[in-house]
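> Under this note's numbering, the very last position in the sequence shown is 116; numbers go up by exactly one each time.
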Amino acid sequence: MTGPNDQVGTGNSGNDYIYSSGGYDTIVSGSGIDVLSGLATSTFVINNSNDVVLSSINSETNFESSVSYTLAGGAATLTLIGSANIVGVGGSQNYSQIPTQLLPIVALIR
Numbered sequence: 007m008t009g010p011n012d013q014v015g016t017g018n019s020g021n022d023y024i025y026s027s028g029g030y031d032t033i034v035s036g037s038g039i040d041v042l043s044g045l046a047t048s049t050f051v052i053n054n055s056n057d058v059v060l061s062s063i064n065s066e067t068n069f070e071s072s073v074s075y076t077l078a079g080g081a082a083t084l085t086l087i088g089s090a091n092i093v094g095v096g097g098s099q100n101y102s103q104i105p106t107q108l109l110p111i112v113a114l115i116r
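1. I need the straight-line Cα distance from Leu45 to Tyr23, nearest angstrom please.
2. Leaving aside the five residues before and after Val14 along the sequence, list all residues of the same chain whose C-beta is less than 6 Å from its C-beta, in chain order.
3. Starting from the Cα of Asn11, find the closest Cα among Asn18, Gly29, Ser62 and Thr85 and give me that residue.
4. Does the beta-carbon of Leu60 have 16 or more other beta-carbons within 10 angstroms, so that it is buried, or is it exposed?
5. Expressed to the nearest angstrom, what Euclidean distance is found between the alpha-carbon atoms of Gly36 and Ser43?
6. Between Asn135 and Val58, what straight-line distance do the alpha-carbon atoms span, to the nearest angstrom?
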């Protein structure tokens with residue numbers, strides 16, 4: 007995806023590489039094992055627990071996941087989406103560890 011405007015790029019059932027070069031883009035994985043790459047201000051939507059995100063993660067990086075997912079180090083939010091019984095796990099920075107599970111500071115369920 008290229009261009010200055012905010013865009014949405016979505017994968018398909020294959021193994022995709024989706025790259026965003028600018029803006030506050032939303033990158034949505036398909037059902038295959040995808041590589042999602044974009045700026046740290048992107049939103050990454052994970053739909054396969056084997057998806058890979060290549061980005062410099064920071065406090066403006068947002069993740070949404072319909073599968074159990076471990077949040078990357080400095081990401082700000084992990085939003086669990088869908089109706090499946092899934093688990094969101096906090097990354098290595100700014101998270102509290104609770105016995106038998108990790109919880110991110112911010113976990114939203116919608």
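For glycine and all other residues, C-beta sits at the position ideal for the given N, C-alpha and C.
Quick answer:
1. Along the sequence shown, one-based indexing puts residue 45 at 39. Along the sequence shown, one-based indexing puts residue 23 at 17. Taking the straight line joining both Cα atoms gives about 15 Å.
2. By one-based count along the sequence shown, residue 14 stands at place 8. Once the five neighbours on either side are set aside, the close Cβ partners of Val14 are Thr32.
3. The residue you call residue 11 lines up with position 5 of the sequence shown. Per the Cα distances, Gly29.
4. The sequence position of residue 60 within the sequence shown is 54, counting from 1. Exposed: under 16 other Cβ atoms inside 10 Å.
5. Working through the sequence shown from its first residue, we reach residue 36 at position 30. Working through the sequence shown from its first residue, we reach residue 43 at position 37. Distance between the alpha carbons of Gly36 and Ser43: 14 Å.
6. Lying outside 7 to 116, the shown extent of the chain, residue 135 is not represented and no answer is given.
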